[in-house]
Structure formats: structure tokens, C-alpha cells
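As numbered in the numbering used here, residues 130 to 361 make up the sequence shown, in order.
By construction, the Cβ of each residue, glycine as well, lies at the ideal position given by its N, Cα and C atoms.
Reviewing the structure listed below.
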Amino acid sequence: MKVSEDGMSAGSESLGVEVELLQEKIRVLEIQNEILSSTSSDIQMMYFAALAFAATFLIAFLGVNIYFTRSKFEEERKLLENLFEAKGKELSVFTQAEIEEHLVNIKSELRQDFEQSIKSLEAGISRQKERLTEEVLEREYQHLKLEIACTDVEATKARLHIALCVAANKLDRDTQIANNLIQLNELLSKGAQINSLSVSRAIKDLRTLPGHHAKLVEQVENKIIQAHETAA
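Here you go:
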């Protein structure tokens, strides 16, 4: 009976020790858990702090990078604007010079064309004038011939022959000048007389004829003067 009590007592003590050990382990585990919780919280805080620092650094880095990038962009933009403006002014001056040179060339060409047109116009007018003058002289010449054919008055015929000689001279019809001088000389030889008021004019017109008719002209003049003196 005593042995059983001792055995039971020993078993109770052993159980008590085990319970204490378990309780001690539980306390240790609780302490470890608290330590782990505290450590985990510290680690999280450190992690968040590291993230915050990294984010701050990244933002600062990006801000500085953006600032310098923007500054560089602004410098390049201003440089390009200045270059474009300089090229624009250079192009503007060059274009203006080209325009002025082109205008000078146009003015010169227009002036030359205008002068050439004026010369051509003047030449055309001159030719037309000569043609019209010749036509008028031709009509006068034919009219004088018609008058001579239609009159029977010797004095009138003599005056008309002198006028016909002058007209033929203007038309460069030398043969007609000679023929009319011969006919005039024959009329004067037959006694035809020039009106006293027309004598000086008749002699003046005769002296406008070409020099190679001078001998015949002199004969006609002498007869006109003699007829006038005889009549006086």
C-alpha cells in the first residue's frame, strides 16, 4: 500500500513537471510570437519607409530629369526658332533681291519692246506717209495732164506745163520733166505768154528742176522774160 502511494506520488510529481514544462513552452511561444509580431511590424515599417524613400527619390529624380529635359527642349526650340527666323530673313532678302532684279529685267524688256514698237510704228507711219504723198502727187500729176488736155488757152497750158514739170520731179520722172520742158519751149516759141503775176513764180519753179535740164530751162526762162518784156 505504501509502495502504491509512493508510486502515485512520483507519478503526480512527474505530471506536474510536464505541465510546468508545457506552460513554460507556451510562455516562450507567446514571447516569441510577440517578438515576431513586433519584428514583423518593424520590418513592415522599414519596408514602407524604404518604399517612401524610394518613391521620394524617384519623384525627385524624375522631377529633376523632367526639368532638365524641358530646359533642353526649350533651348533647342529657341535655337530652332532663331535659326528659322534667320533663314527666313535670309530667304526674304534673297527673294526680294530676285524680285527686284526680275522687275528691272521686265522693265528693261518692256522699254526695249516699247522702243522697238515705237520705231516700227514710226517706220510704218513714215512708209504710209510716203505712200500717201506719192499717191497725192500722182493724182495731182494726172489732174494737171487732164487740165492741159482740156484747155485751149496757151498761157494756161504754159503755166500748167511748168507745174507738171515740178510734179514729175517730185515723182522722180525725169523723162516726163524733159518732155514737158520741150512742149513748154514750143508753146513759148509760138508766142504763148506767162501772166506777169506768175513770171517770178514760174522762174523759181523751173530752177528747182535737176541740173542736167539747165540748158533747156535757161531757154524757157529767156523766152518767158522776153515775152514779158515785149508785152510791157
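For HIS357, the nearest candidate out of ALA343, GLU238 and ALA321 (CA to CA): ALA321
Rounded C-alpha distance that separates ALA297 from ASN308: 10 Å
Nearest-angstrom Cα separation, counted from GLN257 out to ILE332: Cα to Cα, ILE332 sits roughly 33 Å from GLN257.
Cβ-based burial, VAL346 [other Cβ within 10 Å; buried from 16]: With 16 or more Cβ atoms within 10 Å of its Cβ, VAL346 is classed as buried.
Residues near LEU316 in its chain [Cβ-Cβ closer than 8 Å; skip 5 each side]: GLU283, LYS286, ALA287 and HIS290
CA-to-CA distance, LEU261 to GLU229, given in whole angstroms: Using only the alpha carbons, I get a separation of about 46 Å.
Range of the contiguous alpha helix (DSSP H) that encloses ILE323: From DSSP, ILE323 is part of no alpha helix (DSSP H); its letter is neither H nor E.
Spatially closest choice to GLU276 from SER237, LEU293, ASP334 and VAL328, by CA coordinates: LEU293
Contact under 8 Å by Cβ, LYS299 with LEU266: The answer is yes: Cβ separation under 8 Å.
Same chain, Cβ closer than 7 Å to VAL328, five either side skipped, listed in chain order: ILE353 and HIS357
Where VAL233 falls: helix, strand or coil (DSSP): helix
Which listed residue (ILE323, GLN355, ILE306 and ASN351) has its alpha carbon closest to that of HIS341: ILE306
Coil, strand or helix - THR285 by DSSP: helix
LEU266 - DSSP class collapsed to helix/strand/coil: Note: LEU266 maps to helix in three-state DSSP.
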